[in-house]
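Participant:
Residue numbers (UniProt numbering): 1 to 478.
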């Protein structure tokens with residue numbers, strides 16, 4: 001059996017991740033989601049990895065509280081270490097039975113420490129605190145703590161909401177400060193754009209002369225985004241491509257090692273294990289490596305370690321030999337392999353896109369004629385990559401009752417630069433998971449349930465594309 005590419009525990013799902021690098025190893029704490037009714041409490045579980053390809057599951061790391069405790073649900077937070085070597089874990093305490101004055105369950109900042117290298121944790125309920133006046137007490141979560149050397153103090157960022165203003169635009173990243181990590185004072189907001197419902201899982205780091213603020217946009221988009229500044233106090237600017245991935249990859253937070261930075265998040269599952277099912281909270285862990293462009297903006301793609309773990313070539317044939325050109329100025333054409341692909345593989349295609357081409361890309365799990373398939377589609381005229389499939393959802397017997405007016409998989413669109421010339425499209429498929437990367441810059445993750453097998457193909461519509469390279473690799477069995 002081939003090892004899974006993406007980590008998921010056998011007894012649940014991966015929720016928000018709290019990554020921490022220790023002695024060259026990533027300690028990946030995560031909210032352990034168990035889909036049971038009535039809902040049990042939520043704990044922090046732990047998985048570790050040294051190479052981003054093999055994961056060791058350690059089970060529960062921070063146990064949630066009882067039905068009467070403030071931390072019946074131990075939600076997202078962060079970990080830092082002080083000068084004495086004590087690790088401090090800050091997390092969100094939530095109990096649906098513990099209601100605030102507005103009738104909503106309270107969210108509270110809670111604290112635990114470890115003096116044995118994060119093997120065990122001691123909770124400090126006496127250090128618990130909630131939102132001050134001017135903030136909604138039911139939105140005071142995801143404490144992220146970092147040390148600001150310029151002011152010699154610790155800063156805590158929180159996903160919060162103003163208590164007044166338009167309902168959808170009260171989101172704010174609130175801030176508290178401390179000298180000793182034990183007592184905290186409320187401070188001015190870290191970022192208050194008055195734009196979204198709130199900004200979940202805030203994350204701030206410095207890298208290569210820039211500061212980056214990462215947050216998961218709690219809105220109709222549910223997208224993880226980033227901003228840039230030359231100081232942790234801003235002003236924050238919006239990069240041209242400001243999202244980490246699409247709708248399916250959420251609550252991503254980062255950790256660094258050896259000058260590299262990795263973003264850990266979860267690819268959401270879908271209700272009913274169906275392509276048409278609504279997105280669910282939590283899913284399967286995924287990691288992207290961020291690379292810094294010359295202008296400071298971030299590119300997102302696969303870590304080299306992950307790509308290198310696929311080294312067993314899968315023979316495929318689209319045509320007699322490459323390069324192969326598809327030239328259809330006012331039509332559509334596809335080349336489809338003669339062989340089905342395995343359920344888990346890495347694919348890399350180098351595509352030379354001709355001027356004025358409307359669309360081109362890869363077909364995944366395709367039928368022999370290329371009609372029934374998933375499609376990773378590049379659209380140069382619109383400057384985007386989208387994920388699509390055929391057949392789409394059918395709502396009735398008539399021909400017009402096919403979801404043909406949907407231009408691609410809803411919420412599965414990323415902007416990217418697709419000037420005429422060569423572009424590299426990489427894809428990793430692992431069972432019902434698919435992640436695509438364009439030019440090592442733009443990633444797009446999704447689920448693929450309804451078509452469990454099929455071939456690979458290359459297509460073009462209203463234009464031309466030359467396939468100069470196509471390689472498929474798989475992992476070897478354990």
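Quick reminder that beta carbons are idealized off the backbone N, C-alpha and C, glycines included.
Considering just the uninterrupted stretch of the alpha helix (DSSP H) at residue 304, what are its terminal residues?
Facilitator: In the chain shown, residue 304 corresponds to position 304, counting from 1. It spans 304-308 - the alpha helix (DSSP H) in which residue 304 sits, taken as one unbroken run.
Participant: Are the CB atoms of residue 74 and residue 64 within a distance shorter than 9 Å?
Facilitator: In the chain shown, the residue the question calls residue 64 occupies position 64. In the chain shown, the residue the question calls residue 74 occupies position 74. It is a contact, given that the beta carbons lie within the stated cut-off.
Participant: Does the Cβ of residue 346 have 16 or more other Cβ atoms within 10 Å, making it buried, or fewer, making it exposed?
Facilitator: In the chain shown, counting from the first residue as 1, residue 346 sits at position 346. Buried, because 16 or more other Cβ atoms sit within 10 Å of the Cβ of residue 346.
Participant: Less than 9 Å between the beta carbons of residue 357 and residue 464, yes or no?
Facilitator: On the chain shown, position 357 is the one that residue 357 refers to. On the chain shown, position 464 is the one that residue 464 refers to. It is a contact, given that the beta carbons lie within the stated cut-off.
Participant: Please name the residue or residues paired with residue 284 in a DSSP beta bridge.
Facilitator: For the purposes of this step, residue 284 is taken as residue 284 along the chain shown, with counting starting at 1. Beta-bridge pairing links residue 284 to 267.
Participant: Considering only the alpha carbon of each residue, which of 23, 71 and 415 lies closest to residue 106?
Facilitator: To locate residue 106, count along the chain shown from 1; it is residue 106. Ranking the options by Cα distance to residue 106, first place goes to 71.
Participant: How do the stretch 39-48 and the stretch 307-326 stand: do at least 3 beta-carbon pairs fall below 8 Å, yes or no?
Facilitator: With the rule of 3 Cβ pairs closer than 8 Å, the stretch 39-48 does not count as touching the stretch 307-326.
Participant: Extract the residue ranges of the beta strand (DSSP E) inside the stretch 4-40, only unbroken runs of 3 or more that lie entirely within it.
Facilitator: 13-22 and 25-33
Participant: Grab me the residues of residue 162's own chain with a C-beta within less than 6 Å of its C-beta, minus the 5 sequence neighbours each way, in chain order.
Facilitator: Working through the chain shown from its first residue, we reach residue 162 at position 162. Around residue 162: 170 and 172.
Participant: Here's the rule: buried if 16 or more other CB atoms are within 10 angstroms of the residue's CB, otherwise exposed. What is residue 366?
Facilitator: For the purposes of this step, residue 366 is taken as residue 366 along the chain shown, with counting starting at 1. Counting Cβ neighbours within 10 Å, residue 366 comes out buried, since at least 16 surround it.
Participant: Please state the DSSP three-state secondary structure of residue 169.
Facilitator: Taking the chain shown and counting its residues from 1, the one referred to as residue 169 is at position 169. The answer is helix: DSSP assigns residue 169 an H, G or I state.
Participant: Report the three-state DSSP secondary structure of residue 382 (helix, strand or coil).
Facilitator: The residue you call residue 382 lines up with position 382 of the chain shown. It is helical.
Participant: Can you have a look at residue 45 and say buried or exposed, based on whether 16 or more other CB atoms are within 10 angstroms of its CB?
Facilitator: One-based indexing of the chain shown puts residue 45 at position 45. Residue 45 is buried by the Cβ-count criterion.
Participant: By Cβ distance below 7 Å, which residues in the same chain neighbour residue 24 in space, the five residues on each side in sequence not counted?
Facilitator: Locating residue 24 in the chain shown gives position 24, where the first residue counts as 1. 50 and 257.
Participant: Span of the beta strand (DSSP E) holding residue 492?
Facilitator: Here the chain has residues from 1 to 478 only, and residue 492 is not among them.
Participant: Quick one: residues in its chain with C-beta nearer than 6 Å to the C-beta of residue 461, no 5 flanking neighbours on either side, listed in chain order?
Facilitator: Residue numbering aside, residue 461 sits at position 461 when the chain shown is read from its first letter. Excluding residues within five positions, the ones whose Cβ falls inside 6 Å are 332, 358 and 359.
Participant: Could you check the C-alpha separation between residue 89 and residue 206 for me, to the nearest Å?
Facilitator: Mapped onto the chain shown, residue 89 falls at position 89. Mapped onto the chain shown, residue 206 falls at position 206. Cα-Cα distance, rounded: 21 Å.
Participant: Keeping to the same chain, check which residues put their C-beta closer than 7 Å to that of residue 292; ignore five residues upstream and five downstream.
Facilitator: Here the question's residue 292 lines up with position 292 in the chain shown. Counting only Cβ-Cβ distances below 7 Å, and skipping sequence neighbours, we find 207, 208 and 298.
Participant: Check whether the stretch 228-235 and the stretch 268-283 are in contact - that is, three or more C-beta pairs closer than 8 Å.
Facilitator: no
Participant: Is it buried or exposed for residue 477, if we count other Cβ within 10 angstroms and need 16 for buried?
Facilitator: Working through the chain shown from its first residue, we reach residue 477 at position 477. Looking at its Cβ environment, which holds fewer than 16 other Cβ atoms inside 10 Å, residue 477 is exposed.
Participant: Whole-angstrom Cβ separation of residue 490 and residue 362, contact assumed at under 8 Å?
Facilitator: No statement about residue 490 is possible, as the shown extent of the chain runs from 1 to 478 and does not include it.
Participant: Three Cβ pairs or more, each shorter than 8 Å: is that satisfied between the stretch 319-333 and the stretch 465-472?
Facilitator: Three or more Cβ pairs closer than 8 Å define a contact, and the stretch 319-333 meets that threshold against the stretch 465-472.
Participant: Just to confirm, are residue 248 and residue 411 a CB contact at a threshold of 9 Å?
Facilitator: Numbered from its first residue, the chain shown carries residue 248 at position 248. Numbered from its first residue, the chain shown carries residue 411 at position 411. Taking 9 Å as the Cβ cut-off, residue 248 and residue 411 qualify as a contacting pair.
Participant: Near residue 255, what residues of its chain come up, given a Cβ to Cβ distance below 8 Å and the 5 sequence neighbours on each side ignored?
Facilitator: In the chain shown, the residue the question calls residue 255 occupies position 255. Contacts found: 19, 20, 21, 26, 261, 262 and 264.
Participant: Does the separation of the CB atoms of residue 109 and residue 140 fall below 9 Å?
Facilitator: Translated into positions along the chain shown, residue 109 becomes position 109. Translated into positions along the chain shown, residue 140 becomes position 140. Result yes, Cβ atoms of residue 109 and residue 140 sit closer than 9 Å.
Participant: With a Cβ-Cβ cutoff of 9 Å, do residue 244 and residue 219 count as a contact?
Facilitator: Translated into positions along the chain shown, residue 244 becomes position 244. Translated into positions along the chain shown, residue 219 becomes position 219. Cβ distance not < 9 Å, so residue 244 and residue 219 don't count as in contact.
Participant: With distances taken Cα to Cα, identify the nearest neighbour of residue 381 among 416, 392 and 224.
Facilitator: In the chain shown, residue 381 corresponds to position 381, counting from 1. Comparing Cα-Cα distances from residue 381 to each of 416, 392 and 224, the minimum goes to 416.
Participant: Compute the Euclidean distance between the alpha carbons of residue 414 and residue 8, then round it to the nearest angstrom.
Facilitator: Looking up residue 414 in the chain shown gives position 414. Looking up residue 8 in the chain shown gives position 8. In a straight line, the C-alpha of residue 414 is about 25 Å away from that of residue 8.
Participant: Can the beta-carbon of residue 31 be found less than 9 Å from the beta-carbon of residue 267?
Facilitator: Position 31 of the chain shown holds residue 31. Position 267 of the chain shown holds residue 267. No. Outside cutoff.
Participant: Of the choices 119, 133, 43 and 127, whose alpha-carbon is the least far from that of residue 102?
Facilitator: Indexing the chain shown from 1 puts residue 102 at position 102. Cα-wise, what sits closest to residue 102 is 133.
Participant: Compute the distance between the beta-carbons of residue 302 and residue 422, then report whether it is under 9 Å.
Facilitator: In the chain shown, counting from the first residue as 1, residue 302 sits at position 302. In the chain shown, counting from the first residue as 1, residue 422 sits at position 422. No, these two residues do not count as a Cβ contact at 9 Å.
Participant: Just the Cα atoms here: how many angstroms apart are residue 117 and residue 259?
Facilitator: Your numbering for residue 117 matches position 117 in the chain shown. Your numbering for residue 259 matches position 259 in the chain shown. Each residue's alpha carbon lies about 23 Å from the other.
Participant: Identify every run of the beta strand (DSSP E) within the stretch 120-203, keeping only runs that are complete inside it and at least 3 residues long; order them along the chain.
Facilitator: 135-148, 153-162 and 171-178
Participant: For residue 360, write down the residues that DSSP places opposite it in a beta bridge.
Facilitator: As a position in the chain shown, residue 360 is number 360, starting the count at 1. Note: residue 360 sits in a beta bridge opposite 378 and 460.
Participant: Keeping to the same chain, check which residues put their C-beta closer than 6 Å to that of residue 447; ignore five residues upstream and five downstream.
Facilitator: In the chain shown, residue 447 corresponds to position 447, counting from 1. Excluding positions up to five away in sequence, the list reads 270 and 432.
Participant: For residue 228, write down the residues that DSSP places opposite it in a beta bridge.
Facilitator: Translated into the one-based positions of the chain shown, residue 228 becomes position 228. Answer is 212 and 237, bridged to residue 228.
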